């Protein structure tokens, strides 16, 4: 899991084993491709974040690495809080509909992205994209409303 500290945008991916290569691919796919290069990455001191391959990759991208204490997860509090929220979301979905937690992991971040958070009172989606997300159920209402508005306008034009 990774989170942008400013927008609270979170990305999560299930991995059976975390390696330097998988970490690099995760960062590339979920952040650099979509949002551009961050200035720094903060992670714990686990081996997969400190290896030569990842260090050289970060250095080549001029991406600063910072580390928190392995023995003190509270020092990376934002990740701990977000992780707890995501786990609760997965548990709730599993209790309601059952299934595999890996499958639920894709829908839980959407709920997180579209919920207003923290001191800004804005959702991560709004902070990243500058607009509120359109929920599929809302899209149906918008289309219906648009269709009705179009009918009223067409009817009014015919009368004139």
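In our numbering, the protein residues as written are 4 to 163. Glycine included, C-beta positions come from ideal geometry on N, C-alpha and C. Since this is a predicted model, take the numbers as computed values, not measurements.
Asked	Found
Burial state of residue 89 (16 or more Cβ within 10 Å)	buried
In DSSP terms, what residue 82 is bridged to	For residue 82, which the question treats as bridged, DSSP gives no partner whatsoever.
Residue 11 to residue 122 span [Cα, whole Å]	11 Å
Reduced DSSP secondary structure (H/G/I, E/B, other) of residue 16	coil
Proximity winner among 124, 135, 68, relative to residue 52 (alpha-carbon distances)	68
Through-space distance from residue 112 to residue 95, alpha-carbon basis	13 Å
Contact check, residue 64 vs residue 43, beta carbons under 8 Å	no
Beta-bridge partners of residue 68, as assigned by DSSP	44
Residue 128 burial status per 10 Å Cβ neighbour count (16 or more: buried)	buried
Beta-carbon proximity list for residue 70, same chain, < 8 Å, skipping 5 on both sides	45, 46, 47, 48, 52, 53
Cβ neighbour criterion (16 or more within 10 Å) applied to residue 137	exposed
Limits of the alpha helix (DSSP H) - the one that residue 110 falls within	110-116
Per-residue burial, residue 15 [other beta carbons within 10 Å of its own, 16 or more giving buried]	buried
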